[in-house]
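Chemist:
Residue numbers (mature numbering (1 follows the signal peptide of the UniProt record, and there is no 0)): -21 to -1, 1 to 203.
#1: Whose C-beta lies closer than 6 Å to the C-beta of residue 30 among residues of the same chain, with five residues either side of it excluded?
#2: Determine the contact status of residue 180 and residue 156, defining contact as a CB-CB distance below 8 Å.
#3: Quick test of your reading: residue 24 and residue 66, contact by CB under 8 Å. State the CB separation rounded to the nearest angstrom.
#4: Can the beta-carbon of residue 99 be found closer than 8 Å to that of residue 83?
#5: Would residue 36 be called buried (16 or more neighbouring beta carbons within 10 Å of its own) or exposed?
#6: In angstroms, rounded to a whole number, what distance separates the CA positions of residue 33 and residue 191?
#7: Is residue 125 closer than 8 Å to residue 142 when the C-beta atoms are compared?
#8: Cα separation between residue 153 and residue 120?
#9: Span of the beta strand (DSSP E) holding residue 63?
#10: To which residues does DSSP link residue 13 through a beta bridge?
#11: Could you name the residues of the same chain whose beta carbon sits closer than 7 Å to that of residue 96, not counting the 5 residues immediately before and after it, in chain order?
#12: Which of helix, strand or coil does DSSP assign to residue 110?
#13: Identify every residue that forms a DSSP beta bridge with residue 73.
#14: Would you check if the distance between the CB atom of residue 158 and the CB atom of residue 195 is smaller than 8 Å?
#15: Check each candidate in 110, 86, 92 and 101 and name the one with the smallest Cα separation from residue 79.
#16: Going by other Cβ atoms of all chains shown within 10 Å of its Cβ, with 16 needed for buried, is residue 166 buried or exposed?
#17: Round the Cβ separation of residue 86 and residue 103 to the nearest angstrom and send it over; I've been treating them as touching at under 8 Å.
#18: Helix, strand or coil for residue 128, going by three-state DSSP, please let me know.
#19: Around the C-beta of residue 94, are 16 or more other C-beta atoms found within 10 angstroms, so that it is buried, or is it exposed?
#20: Can you tell me whether DSSP reads residue 52 as helix, strand or coil?
#21: What three-state label does DSSP hand residue 204 in the structure shown?
#22: Reducing DSSP to helix, strand and coil, say where residue 201 ends up.
#23: Identify the residues that DSSP records as bridge partners of residue 80: which are they?
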């Protein structure tokens, strides 16, 4: 019965989130992130993001990314080479159009810890192959996780998550966009966690909010 109550509450909360997104013209992003150890140094990154203009059903963008990373130090200072496929369906003069982008990216992630504050710095360079254009872009993300009911990010821990990410083009205009994010997360076990939150995206001539729900999977391919 307790399990059924939890499921019912989760379904009701999820329905409320979708209704809120539709009524307030918010977008909704549903995201899966995998970061799976191949061995002590190598990791396999994989992610799928399904982005909607409203709660569900009106596709804005489908993003699939994958890559191979290498830890310069144990579980930290990771360099990664990746590829992304992006299908976008924006509205142009009231009509949907379809754009496909292929993207190569290089990134460096480093982590720091100050008491309960878990910081992450991500530096990413992207080479973007659009249908009729080629562009390059630099991104910097500063992320923060703070455990609430434990001192460490352990299983069964509720935590606060936040980040700010700025996007800069290597040609004009230099400023592309900025994202600010805040969420609550829960660590299911040592290899899985979930987050639900809100992200505001500021671009040159528009500003829009997105509800985000993310699932993170770190199950290693090997026990070594």
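Ideal Cβ placement from N, Cα and C applies to all residues, glycine included.
Modeler: Looking at the atomic coordinates:
#1: 8, 39 and 40
#2: yes
#3: Not quite, the Cβ-Cβ distance comes to about 19 Å (not below 8 Å), so this is no contact.
#4: no
#5: exposed
#6: 12 Å
#7: no
#8: 17 Å
#9: 55 to 67
#10: 25 and 196
#11: 123 and 125
#12: coil
#13: In DSSP, residue 73 forms no bridge with anything.
#14: no
#15: 110
#16: buried
#17: 4 Å
#18: coil
#19: exposed
#20: strand
#21: Residue 204 lies beyond the stretch modelled for the chain, which goes from -21 to 203, so this question has no answer here.
#22: coil
#23: 65
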